[in-house]
Amino acid sequence: MRPEELLHTTPQGLYSPAGDFFIDPVRAVPRALITHGHSDHARPGHGAVLATRETLDIMAIRYGEDFTGAAQEATYGERVKVNGVTVTFLPAGHILGSAQILVEHRGCRIVASGDYKPGADPTAPAFEPVACHVFISEATFGLPVFRHPDPAAETEKLTASLDLFPERAHLVGAYPLGKAQRLMALLRAAGHERPILIHGAMERLTAYYAARGIGLGEVRLAREVAPAELAGSVVICPPGALSDVWSRRFPDPVTAFASGWMRIRARARQNGVELPLIISDHADWDDLQATILATGCEELWVTHGQEDALVHWALLAGLRARPLHMVGYGEEESESAPDTPAPDTPAPADREDGAS
1 MRPEELLHTT PQGLYSPAGD FFIDPVRAVP RALITHGHSD HARPGHGAVL
51 ATRETLDIMA IRYGEDFTGA AQEATYGERV KVNGVTVTFL PAGHILGSAQ
101 ILVEHRGCRI VASGDYKPGA DPTAPAFEPV ACHVFISEAT FGLPVFRHPD
151 PAAETEKLTA SLDLFPERAH LVGAYPLGKA QRLMALLRAA GHERPILIHG
201 AMERLTAYYA ARGIGLGEVR LAREVAPAEL AGSVVICPPG ALSDVWSRRF
251 PDPVTAFASG WMRIRARARQ NGVELPLIIS DHADWDDLQA TILATGCEEL
301 WVTHGQEDAL VHWALLAGLR ARPLHMVGYG EEESESAPDT PAPDTPAPAD
351 REDGAS
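Residue 209 in full-length UniProt numbering sits at position 209 of the sequence shown, with consecutive numbering throughout.
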């Protein structure tokens with residue numbers, strides 16, 4: 001079977017004619033397989049959704065319990081038949097519950113990666129490379145300039161600043177789903193013992209992570225803390241809140257932003273970020289290459305991000321490769337600069353305006 005007969009692009013997203021399902025469709029469809037809970041991949045209104053338990057729970061938190069007509073849980077490693085096509089969800093390492101989806105039919109194996117990140121992360125199951133004929137990869141950081149440093153070393157920059165400026169609150173922009181909780185876990189691993197303060201938009205998702213056994217330590221809502229307690233505290237908020245009226249309650253804060261885009265220093269300077277932290281939940285340039293080679297794939301399809309550079313590298317490496325030019329992805333996970341205000345109350349969807 002030709003790969004294009006098993007999966008191909010449509011205006012709604014990747015579609016399998018044999019299985020009659022879509023993967024991460026950008027609009028409501030009868031049956032959707034969802035890789036993870038970020039809103040550029042997980043949208044409400046589908047007739048049926050197949051996803052990991054965590055992704056289903058996150059969608060319910062963000063969109064309400066009626067986000068789909070029928071929800072089916074996929075366990076990592078379990079082979080599930082969908083109209084005769086075998087699908088298997090495997091860890092992607094991106095955020096809690098994130099998955100690659102292996103699609104198998106008539107001898108053809110295609111892996112749709114969704115967003116992914118190799119490397120250790122205490123808040124997400126580790127990425128597992130999967131042998132396949134075709135690997136469908138993101139390329140958010142698909143340029144050689146993007147080589148992410150050790151996240152522990154980046155976290156030490158934050159703790160060092162806390163020691164240097166104990167009288168100043170440290171206001172850290174981080175996306176409410178995934179990045180915020182990972183930063184909390186990194187801080188705890190670095191020995192930070194004080195309560196971590198959060199913006200209200202992060203409350204429900206952070207509570208869910210804690211309920212799933214992710215060690216975040218004591219977390220408090222910033223709006224419930226007396227001004228006298230703010231000195232020397234870490235306050236994590238959505239990127240948009242860094243420039244919102246919400247941030248004015250913190251006198252002379254150190255402004256930080258945790259994002260892979262902080263590799264581009266001009267972005268940090270342009271947006272008044274005093275302490276850029278290069279911490280990303282996406283594969284960097286070296287990760288992308290290593291992962292593609294580890295799959296043993298013969299062909300690479302690139303969904304979104306820096307498509308052309310990654311396709312060029314793959315062709316030089318002897319693979320067949322092409323960009324899919326898919327629209328609607330990377331909007332939440334673009335790690336864009338802080339520019340959109342976010343309310344300090346947990347909206348029904350707990351949605352963020354961009355992510356890393």
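By construction, the Cβ of each residue, glycine as well, lies at the ideal position given by its N, Cα and C atoms.
In the structure shown, Ala-268 falls within a helical segment according to DSSP collapsed to helix, strand and coil.
Rounded to the nearest angstrom, the Cβ distance from Ala-258 to Val-172 is 6 Å, consistent with a contact under 8 Å.
Per the Cβ contact rule, the region 205 to 215 is in contact with the region 57 to 72 (3 or more Cβ pairs under 8 Å).
With 16 or more other CB atoms across the displayed protein chains lying within 10 angstroms of its CB, Leu-177 is buried. Across the structure, Arg-182 and His-94 are spaced so that their CA atoms are roughly 10 Å apart.
Per the C-alpha coordinates, the member of Ala-231, Ile-292, Arg-194 and Thr-155 positioned closest to Gly-217 is Arg-194.
Each of Pro-238, Arg-249, Thr-206 and Ala-207 was checked against the Cα of Pro-227, and the nearest Cα belongs to Arg-249. Between Pro-3 and Val-134, the beta carbon gap of about 5 Å places them in contact (Cβ cut-off 8 Å). In the pairwise beta carbon analysis, the region 268 to 278 is classified as not touching the region 287 to 294: fewer than three pairs are separated by under 8 Å. Rounded to the nearest whole angstrom, the C-alpha separation of Val-49 and Ser-98 is 14 Å. A direct Cα-Cα distance of roughly 27 Å separates Leu-300 from Ile-278. For Glu-78 and Arg-53, the gap between their C-alpha atoms comes out near 13 Å. Collapsing the DSSP output to three states places Tyr-15 in a strand. Note on the region 171 to 240: whole beta strand (DSSP E) runs with a minimum of 3 residues are 196 to 198, 219 to 221 and 234 to 237, in chain order. Rounded to whole angstroms, His-170 and Cys-132 show a C-alpha spacing of 45 Å. A distance below 7 Å between beta-carbons, with the five flanking residues on each side excluded, links Ser-16 to the following residues of its chain, in chain order: Leu-6, Leu-7, Val-85 and Val-103. Out of Pro-276, Ile-101 and Arg-263, the CA that lies nearest to the CA of Glu-156 is found in Pro-276. Here Gln-72 has Leu-50 as same chain residues with Cβ atoms under 6 Å from its own Cβ, once five neighbours each way along the sequence are excluded. The C-beta separation of Phe-67 from Pro-44 comes to about 4 Å, placing the pair in contact by the 8 Å criterion. Looking at the DSSP output, His-105 shares a beta bridge with Cys-108. Look at His-8 here: in three-state DSSP terms it is strand. Annotation: the continuous alpha helix (DSSP H) that includes Trp-313 extends over 307 to 316. Excluding sequence positions up to five before and after Glu-138, its CB lies within less than 8 Å of the CB of Ser-113, Gly-114, Asp-115, Tyr-116, His-282, Ala-283, Val-302, Thr-303, His-304, Gly-305, Tyr-329 and Gly-330, all in the same chain and listed in chain order. Taking a contact as a CB-CB distance under 8 Å, the pair Cys-297 and Leu-319 counts as one, their CB atoms being some 7 Å apart. Here Pro-166 carries a coil assignment [DSSP, helix/strand/coil]. In the DSSP assignment, Arg-320 falls within the beta strand (DSSP E) that extends over 320 to 323. Secondary structure at Thr-52: coil, using DSSP grouped into helix, strand and coil. Leu-293: member of the alpha helix (DSSP H) spanning 285 to 295, first to last residue.
In this chain, the beta strand (DSSP E) harbouring Leu-90 covers 85 to 91.
In the DSSP assignment, Leu-242 falls outside any beta strand (DSSP E) and carries neither an H nor an E. Excluding residues up to 5 positions away in sequence, Phe-22, Pro-25, Val-26, Arg-27 and Val-29 lie with their Cβ nearer than 8 Å to the Cβ of Gln-12 in the same chain. Cβ-Cβ distances below 7 Å link Asp-286 to Arg-147 in the same chain, with the five nearest sequence neighbours on each side left out; the list follows chain order.
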